[in-house]
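Numbering (this note's numbering), first residue to last: 269 to 754. Each residue gets a CB set at the ideal place from its N, CA and C atoms; glycine is no exception. All of these numbers come straight from a predicted model, not from anything done at the bench. Input: a single structure, listed below in structure tokens.
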């Protein structure tokens, strides 16, 4: 045993992948999540212990319906009230591009970290730290933060650069130890595989992560990995007792964690934060009346149209999916379009109209699928025609000719992608709804196709349609022979 030098207890509070400002009703009929419940958790932890580090593991500016409107401005304003001690950028911080990311970050009033995040010229991003050392009762705790390394593949950071997650974390942890840190905590938006590599390397004592959207705690006796799910349904707290001793002239730290998972269904919402959230909700309700486009053609979302034949509104929504995801083609099932309304030529389209047409909060994912399997997907979509069916495909970048009189699974006479016959062995990038990617409406080949974007990191369909309509200003997308019945 050595001679004690210092001892302390530090509580780390982690929330991550936090998109929705309001609490949500979950399948067990309990309300969870939202800023007001999170605020109560943070206030309580800070009141119980003077040594608290509140960590935000990233992914918050997007996606949500309101973020689609204000590009995450309300999220920053509410997070300022939480005042985390460390924030790292997830891939969704870049959904609106580099300039919006930088603008939102300038609005923050909490510490930003990004040891692997650099400008195009290699310089650090303004107002972002690589690392710091905090002194708690004589114990030195090192902090570093890592942005999501693969943001360029999943979002739009443009020319921002991302250094390797694992190597950068190891490098920063080593520098923190040289600077006297007794205990190192790395906050990372990262793939779970990277967290495991860092745990194996014992790069840091505590790895607080975001990105995977699961509630996860693992401790191997040397390094702990923690993630808190998403939307603050659960908030994870780690109470760490740290003892620093002098052993033969060397400063040696020993520590032990206690993990506490707080179910926010059991938390009383903070009244001040409840009021702040309510104001933003009221503002958003007013904004749903704003006109975002006009239509020069008739748009018909009635079931008799969208579930039996090519529809202009189906073409419009599928185009938004294909364009936003830079895909070869796109497919949306007619059952995903729900308002049952006819918009006459000259009609104004408001935000509330899009939300009414797309009520399921579907996300747009990209799959890689062969021409042969894409044809089978179209066979499934057209299997019940001319009987109305929610599976009926509304498409973009494709032309399907079929004969409803032929037996099921043998109805498609021809399939074109980007104006050319689909090649059975060629792999195409197709934008579809997450519902279809899970095999909804019996789209089996979509379920087994390779995912390019996972559901959790996919944008909301409504947001993509809203952005597309704002860019068009005037809708001229009509029925043009994408789905042809012989």
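Rounding to the nearest angstrom, what Cα-Cα distance links residue i and residue j in this structure?
| i | j | result |
| --- | --- | --- |
| residue 675 | residue 456 | 53 Å |
| residue 611 | residue 477 | 46 Å |
| residue 414 | residue 600 | 36 Å |
| residue 458 | residue 363 | 17 Å |
| residue 744 | residue 623 | 20 Å |
| residue 671 | residue 738 | 37 Å |
| residue 322 | residue 390 | 29 Å |
| residue 336 | residue 721 | 19 Å |
| residue 520 | residue 463 | 25 Å |
| residue 563 | residue 590 | 20 Å |
| residue 440 | residue 650 | 55 Å |
| residue 282 | residue 571 | 45 Å |
| residue 618 | residue 377 | 34 Å |
| residue 730 | residue 400 | 40 Å |
| residue 460 | residue 480 | 7 Å |
| residue 370 | residue 735 | 20 Å |
| residue 527 | residue 504 | 7 Å |
| residue 514 | residue 320 | 25 Å |
| residue 270 | residue 516 | 8 Å |
| residue 452 | residue 492 | 11 Å |
| residue 395 | residue 386 | 12 Å |
| residue 608 | residue 733 | 17 Å |
| residue 421 | residue 702 | 18 Å |
| residue 575 | residue 592 | 24 Å |
| residue 537 | residue 551 | 21 Å |
Given a threshold of 16 other Cβ atoms within 10 Å of its Cβ, counted over all protein chains shown, does residue i qualify as buried or as exposed?
| i | result |
| --- | --- |
| residue 662 | buried |
| residue 604 | buried |
| residue 297 | exposed |
| residue 449 | buried |
| residue 437 | buried |
| residue 709 | buried |
| residue 725 | buried |
| residue 741 | exposed |
| residue 496 | buried |
| residue 749 | exposed |
| residue 309 | buried |
| residue 474 | buried |
| residue 682 | exposed |
| residue 403 | exposed |
| residue 468 | exposed |
| residue 285 | buried |
Which residue comes first and which comes last in the alpha helix (DSSP H) that contains residue i?
| i | result |
| --- | --- |
| residue 625 | 619–625 |
| residue 539 | 539–555 |
| residue 642 | 639–649 |
| residue 736 | 729–740 |
| residue 350 | 341–350 |
| residue 584 | 580–593 |
| residue 696 | That residue, residue 696, is in no alpha helix (DSSP H); its beta strand (DSSP E) goes 695–701. |
| residue 333 | 333–338 |
| residue 370 | 366–374 |
| residue 714 | 712–716 |
| residue 572 | 571–574 |
To the nearest whole angstrom, what separates the beta carbons of residue i and residue j, a pair I think is in contact under 8 Å?
| i | j | result |
| --- | --- | --- |
| residue 568 | residue 579 | 6 Å |
| residue 372 | residue 397 | Wrong, their Cβ atoms sit about 17 Å apart, outside the cutoff. |
| residue 299 | residue 543 | Not confirmed; about 17 Å, so no contact. |
| residue 525 | residue 487 | 6 Å |
| residue 631 | residue 728 | 6 Å |
| residue 523 | residue 508 | 6 Å |
| residue 698 | residue 595 | 6 Å |
| residue 585 | residue 635 | No, residue 585 and residue 635 are not in contact; Cβ-Cβ is about 18 Å, not under 8 Å. |
| residue 638 | residue 559 | Going by Cβ atoms, the distance from residue 638 to residue 559 rounds to 42 Å, so no, they are not a contact pair. |
| residue 374 | residue 426 | At roughly 17 Å, the Cβ-Cβ gap does not stay under 8 Å, so residue 374 and residue 426 are not in contact. |
Need the endpoints of the beta strand (DSSP E) that residue i sits in, please.
| i | result |
| --- | --- |
| residue 277 | 271–283 |
| residue 421 | Not the beta strand (DSSP E): residue 421 falls in the alpha helix (DSSP H), residues 419–422. |
| residue 563 | 559–563 |
| residue 321 | 320–324 |
What does residue i pair with, by DSSP beta-bridge criteria?
| i | result |
| --- | --- |
| residue 664 | 598 |
| residue 457 | 478 |
| residue 495 | 477 and 484 |
| residue 531 | 502 |
| residue 299 | 293 |
| residue 386 | 392 and 429 |
| residue 412 | 399 and 454 |
| residue 753 | 670 |
| residue 380 | 355 and 396 |
| residue 688 | 685 |
| residue 510 | 276 and 523 |
| residue 518 | 515 |
| residue 631 | 728 |
| residue 407 | 404 |
At a cut-off of 8 Å, is residue i close to the ligand COA when judged by its beta-carbon and the heavy atoms of the ligand?
| i | result |
| --- | --- |
| residue 632 | In the structure on display, the ligand COA does not appear, and there are no ligands present to speak of. |
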